[in-house]
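One structure is given here, and the rest of the page talks about it.
There are 2 protein chains.
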Amino acid sequence: MTCLRVAIADDHAVVRTGFRRLLELEPNVTVVAEFGDCETAYTWLCANHADILVLDLSMPGRGGLETLRRLKARVPTLKILVFSMHGAPAMVSQAMQAGADGYLTKSSAPDALISAVLDLGAGGHPLSQEAAHALNEAGNDSQAPHLVLSPREFQVFTLLAQGLAVDEIAGRLCVSGKTVANYQTAIRQKTGLGNALEMFRYARTHALLE
Amino acid sequence: MTCLRVAIADDHAVVRTGFRRLLELEPNVTVVAEFGDCETAYTWLCANHADILVLDLSMPGRGGLETLRRLKARVPTLKILVFSMHGAPAMVSQAMQAGADGYLTKSSAPDALISAVLDLGAGGHPLSQEAAHALNEAGNDSQAPHLVLSPREFQVFTLLAQGLAVDEIAGRLCVSGKTVANYQTAIRQKTGLGNALEMFRYARTHALLE
DNA sequence: GAGAAAATCGGGAATTTTTCCTATGGAAGG
DNA sequence: CCTTCCATAGGAAAAATTCCCGATTTTCTC
Chain A
1 MTCLRVAIAD
11 DHAVVRTGFR
21 RLLELEPNVT
31 VVAEFGDCET
41 AYTWLCANHA
51 DILVLDLSMP
61 GRGGLETLRR
71 LKARVPTLKI
81 LVFSMHGAPA
91 MVSQAMQAGA
101 DGYLTKSSAP
111 DALISAVLDL
121 GAGGHPLSQE
131 AAHALNEAGN
141 DSQAPHLVLS
151 PREFQVFTLL
161 AQGLAVDEIA
171 GRLCVSGKTV
181 ANYQTAIRQK
191 TGLGNALEMF
201 RYARTHALLE
Chain B
1 MTCLRVAIAD
11 DHAVVRTGFR
21 RLLELEPNVT
31 VVAEFGDCET
41 AYTWLCANHA
51 DILVLDLSMP
61 GRGGLETLRR
71 LKARVPTLKI
81 LVFSMHGAPA
91 MVSQAMQAGA
101 DGYLTKSSAP
111 DALISAVLDL
121 GAGGHPLSQE
131 AAHALNEAGN
141 DSQAPHLVLS
151 PREFQVFTLL
161 AQGLAVDEIA
171 GRLCVSGKTV
181 ANYQTAIRQK
191 TGLGNALEMF
201 RYARTHALLE
């Protein structure tokens, strides 16, 4: 078996170095490049060969996901292991749909990184527990708000999720504040989302806000 | 010079391991403990001796800052080096006020960690460029919440910004719901942030949420 | 250190918001 | 036509918030 050529993209130098040391303990792995931003990573990987890219999605340059997509389109043979802070279902499923070959959360054990890289090298698709669970959740959300809420309720929901106050919404929809308050109650009951922040988070992770 | 006894608290096992490897390259440093959560760290450090704690503020157990305060109160001789994702002015100044002896952002060079630890051991107060700059900014930014809010108010603010309900916060802080409600009112008045979602947005754009 | 200033904590009362229940009119559908 | 669901709101009760206040404790200042 020949040596796996691994590249690391993470905006935190310390984290990169930590990874490098970790990975270099493995005899079949060489770290061939490190990148601190998306552009550099993209340029280098288009011009040079690597087997695996360990990619932190939360990178500056605004678009870890975008880079992932572009890289996969340009260099399809490159295996990409996403290594993210966030285990949110939406994030995981976005990343996998964008073409990631594996997904680890940063709460994984150090060994998990090594075995994930080796697994990838062998053609596997390693997912951390958390990521697998998240993917599962993302699949079967049968009680999405737009399904349990009436049209008007859903409209109020999106407004609430944007942080508008009850009376602002009433003004905007030209109805009584009382009515909006009543809708709010119904929405909370039907969705289980207790406050505007929860609604916002829900709406965001489910891409319900434009 | 005797060996510096260093402990590491970070919720990401991979990061801890990276630090350990980095620090152990230095002959005058021994890593004596690693912690994945605040409680464990606190308990251990009260019972055992360490010279320096490298502390990631964004830890579970809700309250990296709080742990920092408690540790400083209980074990004043312990030097604490905060090592955070965020270089936000507010964060830096809160941490320093809570008693941190040094502050590095994760974008620092790997070597910076080592030199910061050594500097701390020699009685210095290492700040990363970013942190120093942030502290400076914090001085001029007279509207920032951490300046208009008291420590306790700021703490409640971060909890509200995370979407916790008043009573949940009361339970977590072991005070009356009435007190938290009163804090909430003060926070809203002082910051002009009218609801949890606005607080969340503010906190996010200012990177105040670990 | 003594005194001043600020912070933490909560009670009480007034006010506002939210909930719950009810009701009317209209649209969709069998 | 009758049933059902939806949009709209009013009233009353319940809950949350605000405002005002006082008691301690901490922290800062001279």
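Chains as they are written, first to last, in the UniProt record's numbering: chain A, 1 to 210; chain B, 1 to 210.
Where is the CB? At the ideal position from N, CA and C, for every residue including glycine.
Check: For N140 (chain A), is the classification buried or exposed, using 16 other Cβ atoms within 10 angstroms of its Cβ as the cut-off for buried?
Finding: Model confidence at N140 (chain A) stands at a pLDDT of 45, short of 50, so the residue's coordinates are unreliable; what they give is reported in the following sentence. Flag for N140 (chain A) reads exposed.
Item checked: Buried versus exposed, by CB contacts within 10 Å (16 or more), D167 (chain B) -> exposed
Note to self: So, with DSSP's three-state summary, where would you put E168 (chain B)?
What the structure shows: helix
Check: Among residues of its own chain, excluding the 5 on either side of D10 (chain B), which ones have a beta-carbon nearer than 6 Å to its beta-carbon?
Finding: R16, D56
Notebook entry, point to check: Buried or exposed: where does S84 (chain B) fall if 16 or more other Cβ atoms within 10 Å of its Cβ makes it buried?
Noted result: buried
Notebook entry, point to check: What number of angstroms, rounded off, separates the C-alpha of G36 (chain B) from the C-alpha of H125 (chain B)?
Noted result: 25 Å
Check: Does R21 (chain A) get closer than 8 Å to chain B when you measure Cβ to Cβ?
Finding: yes
Check: Is it the case that the Cβ atoms of G99 (chain B) and R69 (chain B) are separated by a distance below 8 Å?
Finding: yes
Notebook entry, point to check: In whole angstroms, what separates the C-alpha of A170 (chain A) from that of V148 (chain A)?
Noted result: 22 Å
Checklist line | Opening and closing residue of the alpha helix (DSSP H) in which V156 (chain A) lies | finding: 151-161
Notebook entry, point to check: Quick one, are the C-beta atoms of L78 (chain A) and L120 (chain A) less than 8 Å apart?
Noted result: no
Check: Would DSSP call R62 (chain A) helix, strand or coil?
Finding: The pLDDT assigned to R62 (chain A) is 35, lower than 50, so where the model puts this residue is not dependable, and the model offers no usable value.
Note to self: Can you look up E34 (chain A) in the DSSP assignment and give me helix, strand or coil?
What the structure shows: strand
Next item on the list: Just grab the DSSP bridge partners of V9 (chain B) for me.
Entry: Looking at the sequence itself, residue 9 (chain B) is Ala, so the reference to Val does not match. Answer is B:F35, B:L55.
Next item on the list: Answer yes or no: does any C-beta atom of chain A fall closer than 8 Å to that of G99 (chain B)?
Entry: no
Checklist line | Of the residues B:F19, B:Q155, B:A41, the one placed nearest V117 (chain B), counting alpha carbons only | finding: B:F19
Item checked: residue 214 (chain B) at chain A interface by Cβ criterion, 8 Å -> Because residue 214 (chain B) is not part of the residues shown, which for chain B are 1 to 210, the question remains open.
Next item on the list: Kindly give me the distance between the Cβ atoms of F6 (chain A) and L25 (chain A), rounded to whole angstroms, as I take these residues to be in contact under 8 Å.
Entry: As written in the sequence, residue 6 (chain A) is Val, which differs from the Phe given in the question. No, V6 (chain A) and L25 (chain A) are not in contact; Cβ-Cβ is about 12 Å, not under 8 Å.
Item checked: With 16 other Cβ atoms within 10 Å as the buried cut-off, status of A47 (chain A) -> exposed
Notebook entry, point to check: Along chain A, in chain order, which residues have C-beta atoms closer than 7 Å to that of L197 (chain B)?
Noted result: G163, A196, L197, F200
Notebook entry, point to check: Would the beta-carbon of C3 (chain A) fall within 8 Å of that of V31 (chain A)?
Noted result: no
Next item on the list: Within 10 angstroms of the Cβ of H12 (chain B), are there 16 or more other Cβ atoms? Answer buried if so, exposed if not.
Entry: buried
Next item on the list: Measure the beta-carbon distance from V14 (chain A) to P110 (chain B) and round it to whole angstroms, keeping in mind my assumption that it falls under 8 Å.
Entry: 5 Å
Check: Alpha carbon to alpha carbon, what distance is there between L127 (chain B) and A50 (chain B)?
Finding: 21 Å
Checklist line | Proximal chain A residues relative to A109 (chain B), where beta-carbon distance stays under 7 Å | finding: A13
Notebook entry, point to check: What whole-angstrom Cβ distance do A196 (chain A) and G163 (chain A) have, given they're in contact under 8 Å?
Noted result: 6 Å
Note to self: On the criterion of 16 or more Cβ atoms from any shown chain inside 10 Å, does C174 (chain B) qualify as buried, or is it exposed?
What the structure shows: exposed
Item checked: chain B contact for L113 (chain A) (CB, 8 Å cutoff) -> yes
Margin query: Between which residues of its own chain and G194 (chain B) is the CB-CB distance below 7 Å, once the five residues before and five after are set aside?
Written below: R188
Checklist line | Residues that T158 (chain A) contacts on chain B, provided the C-beta gap is smaller than 8 Å | finding: Those within 8 Å of T158 (chain A) in chain B number zero; the least Cβ separation is about 13 Å.
Note to self: the ligand NAD and G123 (chain A): does any heavy atom of the ligand fall closer than 7 Å to the residue's C-beta?
What the structure shows: Annotation note on the ligand NAD: not contained in the displayed structure, which lists no ligands.
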